[in-house]
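Numbering (my numbering), first residue to last: 211 to 297.
Using N, Cα and C, we set each Cβ at its ideal position, and we do this for glycine too.
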């Protein structure tokens, strides 16, 4: 999974913040999502679907509106990234 820019809001509120997949993934893991569920959410976001789960509403920011400096490419080895996903 690549890091992608995301609009996020707390379910039922109008305020939206810009964040990225790594931050959202960590939050969703803390809220009890399993790895398989994270993969499904990621795939839905990459399909430009709006996803509501665990009290958050998420949408991928289209590439034409990416905010400079918001996303960062991870500079870890594949093994480091796999350990991050496992918790």
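Query: Bridge-paired residues (DSSP) for residue 261; Result: 268
Query: N- and C-terminal bounds of the beta strand (DSSP E) containing residue 227; Result: 227 to 230
Query: CA-to-CA distance, residue 274 to residue 241, given in whole angstroms; Result: 31 Å
Query: Buried versus exposed, by CB contacts within 10 Å (16 or more), residue 226; Result: exposed
Query: Proximity of residue 234 and residue 220 at Cβ, strictly below 7 Å; Result: no
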